[in-house]
Every structure is written in structure tokens, then in C-alpha cells.
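> Protein chains in written order, with our numbering: chain A, 4 to 358; chain B, 4 to 358; chain C, 4 to 358; chain D, 4 to 358; chain E, 4 to 358.
Glycine included, C-beta positions come from ideal geometry on N, C-alpha and C.
(1) Residue 104/C and residue 92/C: beta carbons closer than 8 Å?
(2) Is residue 175/B closer than 8 Å to residue 142/B when the C-beta atoms are compared?
(3) Does any C-beta atom of chain C lie closer than 8 Å to the C-beta of residue 323/B?
(4) Using a Cβ distance threshold of 8 Å, determine whether the region 129 to 147 of chain E contacts the region 211 to 218 of chain E, with at least three qualifying pairs required.
(5) Using only the alpha-carbon positions, how far apart do residue 74/B and residue 36/B sit?
(6) In the DSSP assignment, what are the bridge partners of residue 67/A?
(7) Pop quiz: residue 304/A and residue 315/E are said to be a contact at Cβ under 8 Å. What is the actual Cβ separation, rounded to whole angstroms?
(8) Note down the Cα distance separating residue 334/C from residue 333/B, rounded to an integer number of angstroms.
(9) Please confirm whether residue 208/B and residue 286/C have their CB atoms less than 8 Å apart.
(10) For the structure I just gave you, are there three or more beta carbon pairs, one from the region 131 to 138 of chain B and one from the region 56 to 64 of chain B, closer than 8 Å?
(11) Between the Cα of residue 157/A and the Cα atoms of 317/A, 81/A, 67/A, 31/A, which residue gives the shortest distance?
(12) If we ignore side chains and look at the alpha-carbon of each, how far apart do residue 273/A and residue 102/B end up?
(13) So what does residue 50/C bridge to, in DSSP terms?
(14) Per DSSP, what kind of secondary structure is residue 252/B in: helix, strand or coil?
(15) Going by the beta-carbon positions, is the gap between residue 25/C and residue 100/C smaller than 8 Å?
(16) Is it a yes or a no for the region 225 to 244 of chain D touching the region 309 to 329 of chain D, going by three-plus beta-carbon pairs under 8 Å?
(17) Taking only beta-carbon atoms, is residue 339/E less than 8 Å away from chain A?
(18) Please name the residue, chosen from 355/D, 253/D, 198/D, that lies closest to residue 283/D on a Cα-to-Cα basis.
(19) For residue 236/B, go through chain A and note every residue whose CB falls closer than 9 Å to its CB, in chain order.
(20) With a threshold of 8 Å, are at least 3 pairs of Cβ atoms found where one atom belongs to the region 253 to 271 of chain B and the other to the region 252 to 261 of chain A?
(21) Tell me which residues of the region 207 to 238 of chain B have at least one Cβ-Cβ distance to chain C shorter than 9 Å, keeping chain order.
(22) Does the distance from the CB of residue 183/D to the CB of residue 155/D come in under 8 Å?
(23) Are there 16 or more other CB atoms within 10 angstroms of the CB of residue 358/C, so buried, or fewer, so exposed?
What follows is the structure in C-alpha cells.
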């Protein structure tokens with residue numbers, strides 16, 4: 004959390020409007036992939052200079068440009084100039100600490116959200132910011148990392164019969180949003196595993212100090228996920244309310260589907276939050292239970308042997324006139340007293356269910 | 004919870020639009036029952052091929068088709084083609100991880116919700132997804148399991164005088180929703196029993212480690228039930244707001260009745276949630292009380308016998324010049340000191356209400 | 004809570020529309036009282052058959068019918084037929100597990116709410132469902148129990164000069180609602196006493212195991228009261244929004260007054276809920292405090308006498324070469340060591356404020 | 004809390020509309036002060052009979068009537084008759100258990116709220132109900148107590164140049180509301196002192212049983228203040244929305260100012276509530292810490308001396324064949340063992356930071 | 004907190020409308036800086052008398068006046084007279100206990116908010132109130148302190164090509180708001196450091212009494228920050244809804260950007276609040292864990308040595324007939340018993356994972 008904010012505050016002294024990359028550098032080299040398609044046509048390439056997309060500007064095909072790696076300010080600036088994008092939008096693309104949001108402009112839409120992923124063995128979520136610029140015939144996707152997130156979509160576009168080929172940029176936008184939102188299910192599965200593992204440790208009453216640290220760490224992760232996922236709901240609500248011509252009404256039903264997924268994810272996260280708070284209470288209960296167990300052992304030992312030791316102490320006294328000391332059966336008699344006391348106390352503790 | 008999500012995430016890589024069954028397979032063979040009725044007419048059968056319903060398509064009778072078991076993709080696909088159902092709706096029917104919702108299309112309504120049931124001896128809720136497609140003359144019900152949930156409705160339809168026979172598909176839809184929502188009362192009764200049993204164990208101050216596990220398990224169950232039941236309220240609100248011709252205004256009062264039931268269930272669940280949180284606090288209190296009890300026993304034993312042992316220790320010392328050792332009444336005198344000290348301390352503890 | 008729901012679930016298999024009494028039978032015999040009045044006219048009687056009210060049907064007088072005891076299904080059914088009441092309303096009247104609500108029909112209004120009462124010595128609230136059917140010239144009140152709840156109203160009607168005589172059924176309805184809502188103040192007073200008594204026990208630091216049970220029981224009662232009282236607010240809001248001719252605008256100010264009372268009651272209940280949650284925290288604090296006190300006693304006794312016992316043990320050893328044993332002043336010297344150690348430790352504990 | 008409600012419930016059996024004083028009698032004698040002013044004119048007097056104000060009824064001057072002490076039902080009844088005030092308003096004025104509210108009638112406005120005050124040495128808030136009737140040329144203020152709350156306003160009116168003299172009854176109303184709301188700041192300062200004092204006691208780790216009682220008492224006070232202050236916000240919102248001619252639009256900005264103050268007070272109270280809940284947690288933490296400290300002392304004493312006592316016990320045994328007893332250096336050797344064990348254990352405890 | 008309110012309550016007796024500085028005096032001398040600019044023109048100076056700005060009144064240039072230090076009532080009063088500012092606005096400027104708010108008047112806008120700053124080594128936030136008066140050609144900024152907060156803006160204005168030079172007072176207003184809101188990021192970074200440091204201390208299980216104090220202090224700081232920052236969101240929402248001509252629609256997108264930042268800050272604060280509450284729970288858990296550790300040591304020592312001491316005590320008794328005392332191998336046999344008991348108990352404790 005520190006990191007994400009400290010870099011923002013670094014910028015807080017700067018004049019608004021200065022285009023600069025803010026965030027952790029996840030890729031040093033920028034890769035630009037272009038897919039251009041229509042019902043009949045299909046083209047796919049990796050380009051070196053952003054100017055190469057100019058040729059698609061006047062065609063009616065859908066052109067999907069994926070920019071991976073955000074350190075190259077020039078690319079973003081050039082796109083801004085080419086398509087007349089507002090300076091603040093360009094800044095938001097470069098600054099990877101955005102809240103998910105949807106903004107509507109005259110000629111284009113701007114969507115920004117987070118793509119979550121997690122390493123399996125140790126639950127730790129990483130957040131990649133993905134920005135979308137949706138124009139009439141263009142969709143620009145700005146990612147921080149190079150990965151194969153969009154491969155399933157690319158594979159589908161290659162197939163001539165796929166629904167994607169029949170629709171415009173709005174359906175492509177939906178497909179992209181869908182794949183990003185569905186990534187969260189994988190993260191939540193992983194979170195579920197992590198929480199179940201903590202819960203099992205707890206309910207087996209074997210919590211260690213690590214358990215406490217893990218609970219606290221998971222609580223923070225859950226709070227973070229929630230912060231990054233819950234605005235997705237209003238993002239899509241915004242798209243549904245939008246009167247922009249760039250989103251055809253036919254697409255609404257698809258967007259609602261994404262919204263349903265987002266709501267289910269948010270609800271899951273809410274319930275994980277409750278569960279984690281509950282786990283801490285259980286941790287405290289278990290610590291209390293352990294304490295009781297420890298004290299029972301101490302109490303049983305001490306309560307039985309302290310009185311006996313006292314009795315032994317009495318007959319260790321050196322008084323001259325202690326008639327018992329001379330009785331022949333005193334010693335075995337005392338032993339039977341010892342045993343009687345022990346047995347009585349053991350029965351007493353048994354009754355109290357301490358044994 | 005793990006299961007329900009992991010299967011979803013399996014699908015997250017797939018292109019949207021691919022019809023595939025997602026969820027636990029509860030039935031491997033699909034059974035299709037058809038009931039066709041009007042005021043005068045009644046027919047009931049189990050069919051092998053979904054095409055057999057084609058003959059009802061042009062009649063004015065109400066045709067109720069119950070599909071039990073969702074593994075057979077063909078049946079759903081065929082219905083989709085026959086009645087021109089949107090691809091996303093068909094997917095939602097096959098994917099059993101839906102949030103309860105109501106969707107309105109031009110020619111049909113789509114309703115999906117969960118039917119809850121529970122085994123009596125061990126409180127564990129199972130969730131069955133039930134989808135409804137409501138057309139002008141058709142009601143399709145898609146269930147995951149074969150059971151006798153709808154027998155009461157079927158019995159009523161057979162009776163010529165029943166109100167069902169006079170109304171159309173909307174009243175049938177209400178009847179189905181009513182029976183599904185009312186199932187929750189049985190679950191909640193069972194939940195109530197489970198919570199009361201835990202509460203009794205607690206208030207009798209005999210909690211075991213199992214009690215803690217049960218509380219945590221119930222909390223999770225309650226969170227789950229809530230997640231599946233609370234959207235029912237907005238589902239019905241949506242139906243009431245709908246301007247579709249498929250829902251006659253006469254039906255509104257019946258739907259409001261279902262809504263009332265749903266609200267009562269949700270309120271009950273909310274209060275159970277509060278009670279369960281309270282139970283954990285009480286658990287902690289009781290653990291603390293037990294601790295006090297244990298410590299009192301220890302303190303009483305130790306506080307009485309440790310000083311006495313010390314006194315006995317003194318007269319066990321081997322100093323040559325210890326005048327008391329030679330006194331004739333020293334030994335009985337010391338005994339009276341022992342008894343006095345014990346009595347005084349016992350009175351002291353009595354006063355503190357530790358005895 | 005169990006009871007109220009289990010009876011509902013018994014009905015869940017039944018076809019909707021079947022008129023049957025659901026709930027605990029509080030009265031086996033139904034009593035029907037009729038009061039008929041106008042500005043000039045007044046009549047009061049107990050009738051045997053509901054058909055006797057037929058004669059008032061065409062008069063312009065206000066006829067108030069109180070039905071006490073709900074086991075007689077015929078009475079309700081007959082009223083339904085006479086005045087053309089919707090089947091679902093009749094069912095709701097007979098089913099005593101309704102949420103408070105207001106429903107508006109063309110010719111009549113249906114109001115249902117709970118009347119709370121409590122026994123003074125042991126705080127335990129009982130809930131009686133009261134249904135009102137308000138027509139142009141009739142007010143039907145359905146109660147579960149025979150009691151004198153409405154005696155003050157009856158007394159007022161008898162007086163010719165009372166405002167009741169000048170208004171219609173809407174003012175009578177207000178008066179009835181007013182008296183039912185104001186019953187809650189008595190319950191809340193009683194609740195207040197119960198909570199204060201628990202609080203006094205706690206703050207006097209003398210909590211017993213019963214205290215815990217009482218807190219939990221009160222929490223459940225408060226949750227129940229809240230569930231039954233809080234919908235009253237929206238009930239009256241509904242009446243105020245209603246455009247039915249049966250509620251004259253002049254009555255609005257009176258209804259607002261009832262609403263104010265309801266809000267005050269709800270606010271009180273909310274604050275009692277907070278207080279009860281706080282009491283559990285205080286209970287835990289006090290248990291912790293007691294523990295500290297117990298441990299202090301143990302620690303003081305053990306810390307003083309264990310070292311002294313050790314010293315005594317040393318000079319109880321039987322080594323041949325222990326020069327101290329032969330010293331003449333060794334024994335009194337040791338005693339002074341004993342006393343010094345004790346005093347030093349006592350001062351130490353005093354400083355730590357453990358004494 | 005008990006008191007405020009019990010008196011209400013006393014009334015619950017009474018017919019609505021009966022004018023009776025409900026609440027604690029704070030003043031037995033009613034004092035009526037009248038201030039009559041316009042830009043040029045100023046008059047001030049204490050009158051004996053409410054009828055003396057009749058002479059101002061037809062003048063254009065603003066007449067401010069302050070009634071202190073509410074036991075005299077006649078005064079209120081007479082005003083009601085004179086100015087045609089609704090019966091329910093008169094009842095509300097006499098019943099001092101109102102929630103703060105604003106009601107708009109054709110010819111007058113009714114405002115009721117609470118004036119809070121506190122004794123400095125012991126934080127205990129007292130609530131005085133103040134009702135305002137605002138007419139075109141009259142402002143009636145009904146107070147429970149005689150005090151100098153309004154002296155600053157009276158002083159300002161005497162000055163001819165004061166803004167009050169230029170405006171009508173609405174500005175006077177604002178001034179009165181302003182002074183009542185600002186009283187809360189004094190109460191909150193006092194509350195702040197009380198909370199800080201508890202917090203200091205806690206953080207100095209010297210909590211006594213009184214601390215717990217004080218926290219609980221403050222929590223109740225805060226809940227009470229909140230209940231009485233938070234409706235003020237909506238009260239003023241109601242005045243701002245009102246379309247009554249009695250509130251000139253010029254006054255809106257002043258009312259917003261009062262509203263700002265009310266919001267600040269409510270926000271402060273909310274944060275005090277949070278702080279008090281936090282203090283209880285800290286109390287529990289500190290009790291736990293104390294416990295640890297006590298147990299450390301016990302453990303250190305017991306762990307060191309119990310093994311040593313055992314060793315001493317061994318050489319106190321009377322076996323005939325114990326070779327060590329005859330060794331010359333056995334006794335000093337044993338002492339060195341004693342010292343070594345003690346030192347080792349002390350180092351061990353030091354390392355664990357128990358010392 | 005005390006301070007900020009007590010000074011308000013000092014004023015509560017005063018007539019509204021009296022211009023007086025309320026708050027802590029942060030600067031005794033008032034400094035007035037004036038920057039006058041248009042696309043072509045630029046002028047910058049520090050003036051002695053506020054009357055010097057009169058010359059800009061009729062020009063079309065943007066004039067930015069920064070008043071640092073609020074003790075000089077005359078300056079504010081003079082501006083009020085010059086530009087016909089409402090008396091209540093002037094009062095609000097002088098009273099440094101305002102809630103952030105936006106008020107719209109016919110000829111000017113009034114904005115007030117808090118600028119947060121913090122010293123790095125010890126997390127303690129200071130709040131400076133900044134008021135803005137926005138007119139057609141003037142922007143007045145009233146600050147409590149002299150500092151270099153606005154230097155970056157001043158630097159930008161000096162540059163002829165900067166966007167600031169092309170826009171009017173609304174863009175300048177945005178720039179000022181932006182820099183004030185972004186200050187919060189620095190505060191939040193600092194807060195994050197403080198919380199992380201506490202968390203590290205806790206999770207390393209080395210909490211001291213100071214840790215508790217720090218958590219409580221941070222909770223109060225977070226509550227304070229929240230109180231001062233969260234109204235900023237509605238402040239900007241108000242500006243966006245405003246139909247004043249003083250805010251051009253082109254500026255909306257910039258204001259939304261500030262709003263986004265404010266939302267992110269509020270969300271961060273909310274999550275810090277949750278984390279701090281969690282930390283207290285963890286503190287309690289750790290105190291419980293420590294307790295367990297202490298008790299384990301005590302129990303192990305006591306449980307092993309108390310029985311052994313008893314055995315030693317037995318053979319220290321002086322009975323005449325104790326056959327064991329004369330056995331040759333009794334003493335070494337007893338030693339082996341001692342060792343066996345110890346080993347058995349150690350294994351037992353090992354199994355329980357207490358060692």
C-alpha cells in the first residue's frame with residue numbers, strides 16, 4: 004500500500020498536465036500488437052512505431068491495438084495527438100494508481116480498471132492497471148505487463164465464424180472487460196484456499212504466531228481487492244447509462260452479464276472479510292482455551308501435592324513431644340491418608356470435567 | 004464455497020457464448036415432464052425428446068415443462084432454437100453459479116433462483132439452482148435434481164376447480180416461486196434448531212472445542228444463505244416493476260405475498276447472524292469464567308497450604324537452640340495455629356465469594 | 004422464534020389460497036363485539052353470528068367490529084364474502100406470522116401489526132397480531148386474545164362529545180393504531196428496568212453466570228421487538244402516501260403523530276441494542292478484573308512464602324558440617340530474615356498497588 | 004432514560020387530545036416575558052396573564068413571548084384558542100418527550116428541540132425541551148426552565164442598530180435556534196474533557212473499577228445526546244425545503260449556517276462514540292497487560308524457589324546411607340548450586356524480557 | 004480536539020454577525036501577495052494595504068490575492084466591503100473551525116477546506132484552514148500560515164506558455180484545490196509508515212505499553228483526517244452541480260480529477276481505520292499469547308518440582324518405623340524415581356507442544 008501512494012505523492016508537487024509515467028515499472032520495453040478485422044478481413048502484427056496504425060484510420064474495420072509496457076511516454080502522447088484525446092486521459096493512462104472508472108467523451112470512451120493475479124503457493128495479489136480507449140473503429144488497450152491474458156480473445160477473432168467478427172468495438176470492449184473481471188474468480192479461489200487453510204489450522208486448535216500474521220495479511224489483501232474490484236460495478240453501471248453511440252444497445256445484455264460477475268465477486272469478498280474477522284475472534288477463543296488447559300494442569304498438580312507436602316512437612320518437625328512419631332502404624336497410616344486425599348481430589352476434578 | 008467458484012474459474016478462459024454445463028453434476032440423466040392444461044383440458048406425461056412439445060406451440064393451453072438434470076446440453080440448446088432464446092440466457096441456465104435475478108426480454112422472462120434444502124440431523128444446506136423461462140403459453144423449469152418439490156402444484160393442477168386452471172403462465176410462475184421461497188422456512192427452522200442447541204450448550208456453560216467449530220460453521224452457512232436469498236427481494240421487485248405483458252397486474256398482489264415471505268426470511272437470517280456473533284462473545288466470556296473458577300481453586304489451595312508448609316518447615320530445622328522444640332505443648336499449639344490460619348483464610352475467601 | 008416459523012413451514016406445502024389458522028391458539032372461543040356510532044347515534048353489543056352485522060351495511064354510521072380469537076375460520080370467511088375481501092388478505096388475517104404492513108385495495112384498506120405486552124417480574128415479551136380491515140363505514144379488528152386493550156377507546160366513543168364521534172372510520176383507525184403503538188412504551192419501560200438491573204449487577208462487579216444468560220436473552224428480545232416494531236414506520240408512511248379516499252387528509256397530522264411515537268420507540272430500541280452489546284464487553288472486562296484480583300492473592304501468598312519455605316528447608320538439611328546450626332543466635336536471626344523478606348515484599352506489592 | 008419514557012407510558016391509556024403536562028416538573032411557577040419590537044419601536048415586560056398580549060395582535064411589530072415553566076396548562080390552552088393552534092401541537096408543547104421536529108401549518112410553524120446543558124465537575128447532561136411557535140408577527144417560546152439562555156438576544160434587540168430589529172419573526176427564530184444549537188458546543192467541550200480524563204487514566208495504565216463505570220456512563224450519555232441532536236439536521240433541512248411564507252428566502256443562508264453547526268456537532272459526537280468503544284478495548288488490553296505482569300512475578304518467584312526447595316528437601320531426608328551428608332564441602336557446594344540455578348534462571352527470564 | 008471546539012464555544016454567546024478571528028493564531032503578521040495575469044500580461048508583488056488591489060478591479064486580467072495570516076480583521080472586512088461579500092461568509096473565513104464546504108452566491112463562490120500536513124518523525128497532523136473567494140476576475144485565498152504551498156502554481160503562472168495563462172479564475176481555482184487535495188497523499192504516506200511500524204512491532208510480538216498508546220493516537224488522528232477530508236467529495240460534487248457562470252463546463256473534467264483523488268484518499272483512510280481496529284485485536288491476541296507462554300513456564304516448573312518436593316518431604320519425616328530409611332539402596336533408588344518422574348512429565352509437556 005505504501006508504494007502505490009508514495010509514488011503518487013511524489014507527483015503531487017508537479018503541475019497538472021505533465022505526462023509522466025507514475026507507478027512501478029513492470030516492463031521496460033513497450034510492445035505494440037495490432038489486430039485489424041471485419042467480418043471478412045483479418046490481419047495481425049506487432050509494430051515498431053505507433054505511426055503504423057495511421058493506415059487503419061480511415062478504414063471501416065475494427066482495429067485493436069494492445070500496448071504492453073507503459074514506460075514509453077511517446078507512444079501514449081502520439082496516440083493522444085492522432086485521435087485528439089484529452090490531456091487528463093493521457094495522464095490517467097500513464098499514472099497506474101487510478102480507481103476503476105468509466106469516462107465518456109464526445110468521440111471516445113475511457114475505461115480503466117485493475118487486473119488481479121496471484122501466485123499460487125503464497126497468497127499475494129498483484130495488480131496490473133489496464134486502460135481502454137474505445138473509439139468508433141479503434142480499441143486501444145494499455146497494459147503494464149506483457150502476458151497472454153488476451154490470447155483467448157485473439158484466438159476467437161482468428162476464427163471467421165466467431166461472434167466477435169460480426170460486432171464492432173463495443174463487443175470487443177465487452178469481451179476484454181469480461182476476461183479481466185473473470186480473472187478475479189481465480190484470485191478468489193486462491194484466497195478461498197488460503198482462508199480455508201488458516202481455518203483448518205485454527206479449528207484443529209494448533210494456531211501458531213504465524214497464523215495471526217497470516218490472518219492480518221489476508222485481511223489487508225481482502226481490503227485491497229475490495230478497493231480495486233468494487234468500483235467495477237459502478238463502472239459498468241455508468242456504461243449502461245451512457246447514451247454514447249459507441250455502445251450499442253445490443254451490447255447492454257452482455258455488459259449486464261459482466262456486472263453480474265462483478266457483483267458475485269464483490270459479495271464473495273464481503274463474506275471473506277466477515278470470515279476473517281471471525282477467525283481472529285476464534286484465535287482469541289483458542290488462546291483462551293489453551294490457557295485454561297495449562298491452568299488446569301497446574302491447578303491439579305499444585306492442589307494435590309501442596310497439601311500432601313504440608314502433611315509430610317509436619318512429620319518432619321523436630322518437636323520432642325510428637326506422639327505420632329512413635330506409633331508403629333503411623334507411617335503406613337499417613338500413606339493411606341496421602342492416597343485418600345489424592346483420590347478424593349482426583350474425583351473432584353473429574354467431576355468438574357477438568358480431567 | 005470453494006467448489007462453487009473453482010468451477011466458474013475453470014470457465015473463465017473460455018469464449019463467452021459457449022454452451023457448457025458448469026457446476027456439480029447432481030443428476031446424470033435428464034428427465035422431462037410436461038403438463039399441459041387449460042380451464043377445461045389437462046394432460047400430463049414424461050417425454051423422451053424435447054421435440055415432442057412442438058405440438059403445444061400453437062395451442063392456447065398453458066404448457067409447463069420441467070427439465071430435471073442439466074447435463075444434457077442438447078435439450079437446452081433445442082429449446083433455445085425453438086423459442087428464440089438469447090444465447091446468454093441459455094448459458095446462464097447451464098451455469099449453476101448464478102445470482103438470483105430476473106431478466107425481461109421481448110417475448111419471454113428469465114428467472115433464476117436457488118432452492119435451499121437441509122438434512123435434519125446435521126445442519127448443512129444444499130443449494131439447487133432453478134431457472135424459469137416464462138413465455139406466453141409456456142413455462143420451462145430447469146432443475147438440477149429430480150425430486151418431488153413441485154408435487155403439491157401438480158396435484159392442484161389436476162383438480163379442475165383450482166385457481167391455477169383459471170389463470171395463465173404468470174400465476175403458475177407465482178406458484179412455483181412461492182413453493183421455492185417457502186422451502187427456506189424449513190431451512191430456517193432447521194437453522195434455528197441448530198443455533199438453539201449451540202446456545203443451550205453454551206448457557207449450560209459446557210462448551211467444548213466442537214462448539215467453537217459449530218459456531219464458525221453456522222456463521223458460514225448463514226452468510227451463504229444470505230447471499231443466495233437476499234437477491235430474491237429485488238428479483239420480485241423487478242417483476243413488479245416490469246411492464247411486460249407476460250405478468251398480468253392481477254398477479255402483483257400474489258408476487259407481493261412472495262416478497263413478504265422473502266423479507267421475513269431475510270430478516271430472520273439477519274437476526275441469526277447477530278445471534279451467532281453474540282454466541283462467540285459468550286463463548287469467550289465462558290472461557291474466561293472457567294479460567295476464574297480454575298484459578299480460584301488453585302489460589303485457595305495454594306494460599307492456605309503454602310504458609311502452613313512454611314511453618315512446618317520452620318520446626319523441621321535442625322538448629323541446636325530452638326527452645327520451642329522442647330516445649331511440651333508446642334506440637335498441639337502449632338496444630339491450633341494451623342487450624343486458625345486455615346479457618347481465617349477460608350472465611351476471607353468466603354467473604355470474597357470465591358467459595 | 005422457533006415456534007413462529009415452524010408453524011409457517013408446516014403450511015409451506017399447502018396450496019396458496021387455503022384458509023387455515025396458522026399460529027399459537029391463544030383463544031379457543033371467538034368473541035365478536037360490535038359498536039355502531041355516528042354523531043348522534045350509539046349502540047354496543049356482543050353478537051353470536053357475524054351475520055348480525057348485515058343490518059349496518061347500508062347505514063351511514065361507523066360500525067366497529069372486534070373479533071377476538073382467530074380459530075373460527077368461518078367468521079373470517081363470511082366477512083370475506085360479505086365485503087368482497089381478497090382471498091390473500093383473509094389468509095394473512097388467519098396467519099399470525101405477518102410482518103406489519105399496509106395494503107391498499109379499491110374498497111378497503113388492510114393493516115396488520117403486532118401488539119406487544121410483557122409480564123412485569125420477568126422480562127418476556129408476548130406478541131399478539133392485530134389485523135384491521137378499514138372500509139367506508141366499517142372497521143374490522145381481528146385480535147388473537149381477549150383483553151381490555153380497546154376499553155379506553157370504547158369509553159371515549161360512549162361520550163357523545165368526543166372527537167371520535169365526529170370523524171369517520173379513518174379517525175377510528177388512527178385511534179386504534181395509536182393505542183397499539185403506545186403499548187410499546189410500556190414494554191420499553193419494562194425493558195429499561197431489566198437492562199438497568201443487569202447493568203447495576205455488572206457495575207457492582209457481582210456478575211453471576213445468570214447475568215450472561217440474561218444479557219443474551221435480552222439481546223434476543225430486543226432483536227425480536229425491533230423486527231416487529233420497525234416496519235410500523237413504513238406502514239404509516241404507506242398510509243400517508245396512499246391516495247385512497249378512505250384516509251382523509253385531515254387525519255394525516257394524527258398519523259404523523261403515531262409515526263413520531265414509532266420512531267421514538269425504534270430509536271430507543273436501537274440504543275438498547277447498543278447498550279446490551281456494551282454490557283457484554285463490560286462483563287468480559289469484569290471477568291478479567293476478577294481474574295486479576297484472584298491472581299494477585301495467589302501471587303502475594305506464593306511470592307512471600309515460597310522463598311521463606313526454601314530458607315526453612317535449608318536449615319532442615321542433615322549435613323554434618325553446617326556451622327550455622329550450632330550458632331546460638333542463628334534461630335532468632337533467621338526469624339528476623341523471615342520478617343525482613345516479608346516486609347520488603349509487602350512494600351513492593353504495595354507500591355505496585357496490588358494491596 | 005427510564006424516567007423520560009415511563010411518564011409517556013403513563014399517558015398511553017389516555018385519549019389523544021387531552022391537554023396535560025407530561026415530563027419532570029422543572030419549574031412550578033410559569034413566567035411570561037414579552038418583547039415587542041420593530042425597527043423604531045421597543046418594549047419589554049413581564050406579564051401576569053397571557054391575555055395581555057392581545058393588544059399586539061393587530062400591530063405590525065414583532066412580538067416575542069417567552070413562557071418559562073410548563074405546568075400551567077391554561078396559558079398554552081389560551082394561546083391555542085387565541086391563534087387557532089392545532090390541538091396536537093398544544094399537546095406536543097406540553098409533553099416534554101418530543102423528538103426534535105419541524106411542522107408546517109397554514110398560519111404558523113411549530114419547531115421543537117432540546118437544549119442541552121451540563122454541570123462542569125461531573126459530566127451529566129440535562130435536557131430541556133424548547134418549543135417555538137412562529138406566526139407572522141409572533142414568536143412563542145415554551146421553555147421548561149427559567150434561565151438566562153436568551154439574554155444575549157434580548158440585549159441585541161435593545162440595541163436599535165442590530166440586524167434583529169430590521170428583520171421579522173423568521174430572523175428571530177434563526178437567532179433562537181442558533182443560540183440553542185451553539186449550547187451543544189459547550190456540552191461537547193465538557194464531554195471532551197471527561198473523555199480525555201478517562202483516556203489519560205487508561206493510558207497511564209491505572210484504570211480502576213470506576214473507570215469502567217465512567218466509560219459505560221459516558222457511552223450512554225453520548226447515545227442520548229446523539230438521539231436528541233441528530234434530528235436537528237433534518238429539522239433545519241425541513242425548514243429550508245418549506246415553502247411557507249413565514250420563512251423568507253433571505254433567511255436560508257442563516258439557517259444553513261445553523262445546519263453546518265449541527266452537522267459539526269453530530270460528527271463530533273460520532274467520533275466520540277468511536278473513541279469510547281475504543282477505550283473499552285483498551286481497558287481490556289490493559290487488564291490483560293496487568294495480568295501478565297502479575298503472572299510474571301509469580302512465575303519468577305515460583306520457578307526459582309520451587310526447584311531450590313526441592314534440593315533442600317533432598318538433603319533434609321533421613322536416609323541412613325546418604326554419602327553427601329558426610330562430605331565436608333557438601334553444604335557450601337550446595338549453596339553454590341543454589342546460586343548458580345538462580346542466576347541461570349534470572350538470565351533466562353531477562354532474555355525473555357520478563358524482568 | 005478540545006481546542007478546536009472550546010474556542011467555538013467561547014463565541015457561542017456572541018451575536019451572530021460579529022467579525023472576530025476564532026482559532027489558534029498561527030501567524031501574527033498578515034502578508035498579502037498579489038499575482039495579476041492574462042495570456043500576455045504578468046505581474047507579481049507583495050502589497051501592504053489591501054486597497055492596492057483596487058486598480059485591478061476593472062481590468063480583465065485574473066488577479067490572485069493570497070492573504071496569509073488571519074489575525075488582521077480589517078483586511079477581510081475591507082475585501083467584504085469592496086466586493087460586497089455576505090457577512091456570514093466573512094465570519095466563516097475568520098472562524099477556522101469550518102467544515103469543508105462550497106457555497107454559491109450571485110457574484111462569487113465561497114470554498115473552504117483544510118490543508119493537512121505532518122511532521123515526519125512523529126506522526127501528528129496539523130490542519131490549516133484555507134478559504135477561497137472566487138469572483139469573475141479575482142481569486143482570494145485566505146490561509147492561516149505563511150508557507151510555500153502555492154510556489155509550484157506561481158512558478159507555472161510565470162511561464163507564458165502554461166495552460167493557467169489561457170484559462171480564467173475557475174482553472175486557477177482547480178489548480179489550487181488540486182494542490183491542497185494532493186497534500187493529503189503525503190500525509191497518508193506518513194500515516195502508512197506509522198501504521199506499518201506499529202504493525203511490525205506487533206507481529207514481531209514485542210508490543211510495549213507505548214504500542215497501545217500509539218494505536219489509540221493513530222485511531223484518533225485517522226478519525227480526525229476523515230472528518231476533514233470526507234466532505235471534500237461533496238464539496239466538489241456541489242461545484243460540478245453548480246450552474247454558476249463562474250465555473251466553465253470545460254473545467255468539469257479537471258474537477259472530476261480532483262474528486263477522484265479525494266475519493267482515493269477517503270478510501271485509503273477507511274481501510275486504515277479498519278486496519279487500526281484490527282491491530283487492537285491483534286494486540287489483545289498477543290497479550291493472550293504472552294500470558295500462555297508465562298503460564299507454561301510456571302506450570303512446567305511447578306508440575307515437575309512440587310511432586311518431587313513432596314517425595315523428598317516424605318523421607319524427611321521423623322517416624323521411628325520407616326523401613327525405607329534403613330535400606331541401603333533407598334537413596335539412589337529415590338533419585339531414579341525423581342529422574343523418571345521428571346522425564347515422564349517432560350515428555351508429556353513435549354507432546355502437548357508446551358516445550
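Well, looking at it:
(1) Note that the C-beta distance between residue 104/C and residue 92/C is not below 8 Å.
(2) Taking 8 Å as the cut-off, the beta carbon of residue 142/B is found closer than this to the beta carbon of residue 175/B.
(3) Closer than 8 Å: yes.
(4) The region 129 to 147 of chain E is not in contact with the region 211 to 218 of chain E.
(5) Linking residue 74/B to residue 36/B through their CA atoms gives a straight-line distance of about 16 Å.
(6) Its beta-bridge partners are 38/A, 142/A.
(7) With a beta-carbon spacing of about 16 Å, residue 304/A and residue 315/E fall beyond the 8 Å limit used to define contacts.
(8) The alpha-carbon separation between residue 334/C and residue 333/B amounts to approximately 16 Å.
(9) With respect to residue 286/C, residue 208/B sits apart: the two C-beta atoms are not nearer than 8 Å.
(10) Counting C-beta pairs with one atom in each stretch, the region 131 to 138 of chain B and the region 56 to 64 of chain B have fewer than three that are closer than 8 Å, which means they do not touch.
(11) Considering only alpha carbons, the answer is 67/A.
(12) So the two alpha carbons sit approximately 15 Å from each other.
(13) Bridge partners of residue 50/C according to DSSP: 35/C.
(14) The answer is helix: DSSP assigns residue 252/B an H, G or I state.
(15) With respect to residue 100/C, residue 25/C sits close: the two C-beta atoms are nearer than 8 Å.
(16) Short answer: they don't touch.
(17) Cβ-Cβ to chain A under 8 Å: no for residue 339/E.
(18) Checking every option, the nearest Cα to that of residue 283/D belongs to 198/D.
(19) Listed along chain A, no residue sits closer than 9 Å to residue 236/B by beta-carbon distance, the nearest being about 15 Å off.
(20) These segments do not touch.
(21) Only those residues of the region 207 to 238 of chain B whose C-beta falls short of 9 Å from the nearest C-beta of chain C are listed: 208.
(22) No, the Cβ-Cβ distance between residue 183/D and residue 155/D is not below 8 Å.
(23) Under a 10 Å Cβ-count criterion, residue 358/C is classified as exposed, with fewer than 16 other Cβ atoms of the shown protein chains found around its own Cβ.
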